[in-house]
Amino acid sequence: MSVNASPPYGGGYPDAQGGHDPYAGQGAYAGQGAYADGQGGGYAGPGQGTYADPAQGAYAAPGQYADPGQYTDQGAYTAPGQQQAQAAEPVAPAPVEPEPAADEPGEDEPEDAKGGRLVTAVTFLLPTVLAFAMIWRGIGDRQLWRDEHATWWAASLSLHDLSLLIRSIDVVFTPYYVLMHMWLAVAGDSPTAMRIPGAVAMAASAGLLALLGRRLFTTQAGILAGLAVAVMPFTTRYGQEIRPYAFAVAAVLLSTLLLARALDKPSFKVWVAYTLSVPLIGWSHLASMAVLGAHLVMIVIARRSGDKIVGWAYAAAFTLGMCFVVPMAVSGSGQSGQIAWNNPGIDDLMDFPMNLFGSWAVAVPVMALGTVGLFFAGRMALPLAAWIVLPPLVTYVTAAQLHLFLPRYLQFTAPAWVLLAAVAVVRIAGPVAGAKAGTGAAARRGFGWVLVAATVAGIAFQSLPGIRETRQNALGEPDFRGAAQLIEAGQKKGDGIVFSGVQTERRAMDYELRDDAGRPKDWLMYRTPQERGSFDAAECPHPAKCLAKADRLWLVSTTLDGKPFSGMPKTSATVIQRSFKVVKTKKLKYLQLVLLERTRAATDDSSEEKDDAAKRKVHT
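If you read the sequence shown in the numbering used here, its first letter stands for residue 287, the second for the next number, and so on.
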């Protein structure tokens with residue numbers, strides 16, 4: 287029963303605050319015994335007449351004793367010396383409509399939201415296992431893209447170098463980078479190993495959504511929502527991505543589930559758990575903090591329902607939780623320039639549903655059903671609407687200042703859509719809210735499970751093209767893995783490597799060649815990223831001197847115009863074109879790999895510039 291519902295009336299006697307006696311006018315239970323205990327017994331049976339013990343006072347009123355004569359009617363008690371004429375007939379009290387006990391489901395708690403630990407475990411594990419199976423397939427096949435390369439670079443640094451990095455960039459990802467640093471130390475840095483934490487978090491998100499749906503609505507709605515999320519493209523994509531977005535989804539769902547539990551059956555331990563979940567949301571991604579708007583709506587509804595304590599409990603939890611997030615957010619506000627490129631327009635807003643769910647084939651039916659589900663969600667309609675509407679709206683309106691309107695930043699809103707869609711589907715079979723939710727004939731319940739299976743199968747079919755796409759290399763990302771394989775096959779001792787383009791080529795090739803002891807030397811790297819406290823190195827200001835000892839160069843170019851030298855500093859391009867000749871060019875996807883050799887004229891050049899370069903110690 288909800289904590290907001292009135293407790294059942296369990297007796298017919300007035301309490302200290304007043305009330306009425308439904309047995310007034312009947313004497314002291316005439317014919318039943320003057321004092322009936324909880325099992326219906328009394329001190330005097332019907333054949334003996336009723337006797338009210340003066341010492342007991344017969345419960346006339348709290349704190350008062352009654353004269354025995356007040357508790358007997360004629361024929362029920364005879365004075366001494368008189369013959370008893372007739373025993374009083376038992377008089378049954380007026381029937382009182384039974385109310386649900388405190389531990390039974392009421393209007394605000396569906397019956398099948400109870401169940402035992404086995405039902406809870408099954409509800410969580412079914413979607414979790416399915417989601418993990420979908421994510422695990424091909425988890426190491428897709429190449430890392432530039433943001434994943436950034437995660438690898440930060441996580442592979444020493445804690446000292448990582449501290450220097452976050453002082454200048456990505457301080458908001460500090461908890462995630464520290465977690466991945468510890469994971470890499472144990473599991474290694476292969477694509478599969480680095481993607482396991484995100485896979486576990488995203489798979490757990492499907493199970494958490496099922497538990498949330500079960501608590502708010504019915505078991506059928508929860509399991510349908512969890513299974514549907516498990517087979518959607520965005521689950522596979524972000525479960526296979528070495529970024530914190532899967533953790534953001536899991537943190538939001540965990541926190542919302544704990545809040546629902548605290549409102550349903552409040553306890554100190556549950557509120558403490560919710561308090562600890564608030565910083566988890568902020569540590570995973572600051573944009574996810576927008577879900578607290580939906581949490582506030584849940585609190586307001588509970589308070590208006592009569593819960594006078596919940597407001598104070600939430601205020602304390604919110605304040606304490608935010609103490610662990612605000613310092614990081616304030617520090618990160620000075621680093622917002624790193625995402626200043628993100629200035630969304632109307633086209634980005636129109637494509638938001640497709641990018642959120644992974645394909646239009648999934649987005650359209652889920653959002654259509656979710657809109658219908660709002661009409662059957664009862665008191666949870668407004669919180670769920672706030673969950674799906676407020677974060678995109680707020681981030682889009684403030685995009686010019688905060689630059690946070692990106693589908694991957696707002697991925698935590700997708701589960702709310704799926705939950706509402708599940709409510710709409712399950713509503714066909716019966717109520718999803720109120721005392722009758724999840725109850726009824728076996729045929730109706732069976733029909734509900736058939737709908738669950740059919741819906742999951744339909745969504746899985748619609749998701750197949752999107753899932754296949756998510757398992758391919760990210761759109762527009764160069765084939766750095768292919769370039770590394772060609773270099774390893776054709777490199778010679780003393781080879782160098784240079785870069786041209788705007789796709790973080792140096793960091794990508796550092797990853798792909800990380801296990802190659804004889805890898806080409808980066809002659810143009812003047813200062814390392816560790817020295818700069820950054821993700822990027824500093825280019826050599828005097829390329830002729832830095833390249834003086836290089837005889838062969840591998841040029842990795844990702845320029846969009848097809849000109850391999852157009853993406854590097856002009857001075858570096860001029861020196862390379864003047865001193866080296868192209869031996870061969872290999873075109874890969876979004877990438878050109880060019881092998882260059884020093885020309886004889888450049889080798890025989892005895893200019894002062896070359897003599898100075900030969901004496902110079904190159905800083906790497």
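Even glycine gets a Cβ: it sits at the ideal position worked out from N, Cα and C.
Residue burial classification, residue i (beta-carbon count within 10 angstroms, cutoff 16)
i	result
D633	exposed
E434	buried
E527	buried
Q697	buried
E817	exposed
G724	buried
W598	exposed
I452	buried
R886	exposed
H581	buried
L846	exposed
H689	buried
P693	buried
C609	exposed
S574	buried
R730	exposed
P850	buried
Whether residue i touches residue j by CB criterion (9 Å)
i	j	result
A834	L676	no
D475	Y797	yes
S570	Y531	yes
V538	L572	no
S749	E791	no
V652	I753	no
T230	W735	Past the edges of the chain, shown from 287 to 906, lies residue 230, and the structure says nothing about it.
L635	A769	no
R589	A546	no
A441	W469	yes
A710	V742	no
P829	I862	yes
V680	G579	yes
T561	A615	no
G664	V458	no
F747	L642	no
V415	T505	no
I482	A473	yes
P669	I595	no
W439	P815	yes
L660	A671	yes
L705	L495	yes
Alpha carbon of residue i to alpha carbon of residue j, nearest angstrom
i	j	result
M420	T522	6 Å
V788	S541	39 Å
L799	R793	10 Å
G732	V408	18 Å
L450	A548	40 Å
V583	K872	58 Å
I773	V868	15 Å
A708	G716	13 Å
T684	N628	11 Å
D822	S865	26 Å
R805	R767	14 Å
S786	L448	27 Å
K779	S444	29 Å
P630	R403	46 Å
I509	L412	8 Å
A516	L737	17 Å
A803	T478	22 Å
T860	K870	19 Å
A824	D808	11 Å
A667	M640	23 Å
M974	F662	In the structure displayed, the chain extends from 287 to 906; residue 974 sits before or after that span and is not available.
Assumed close pair residue i, residue j - CB separation to whole angstroms, cut-off 8 Å
i	j	result
F410	L497	6 Å
I425	A511	Going by Cβ atoms, the distance from I425 to A511 rounds to 24 Å, so no, they are not a contact pair.
F503	V718	5 Å
G234	M518	Shown here, the chain extends from 287 to 906; a query on residue 234 therefore has no answer.
G499	A507	5 Å
V564	G525	Contact flag wrong, Cβ pair sits at about 24 Å.
P701	V556	With 8 Å as the limit, P701 and V556 do not qualify as a contact, their Cβ atoms being about 21 Å apart.
D765	K875	4 Å
Residue-chain proximity (residue i, chain B), Cβ-Cβ < 9 Å
i	result
G659	Looking for chain B here will not work: only one protein chain is present.
Closer than 8 Å: residue i CB and nearest the ligand ADP heavy atom
i	result
G853	The ligand ADP is absent from the structure shown, which contains no ligands of any kind.
Problem - Contact between the segment 428-447 and the segment 755-767 (3+ Cβ pairs under 8 Å) - result: yes
Problem - Any 3 or more C-beta pairs closer than 8 Å across the segment 839-854 and the segment 874-886 - result: yes
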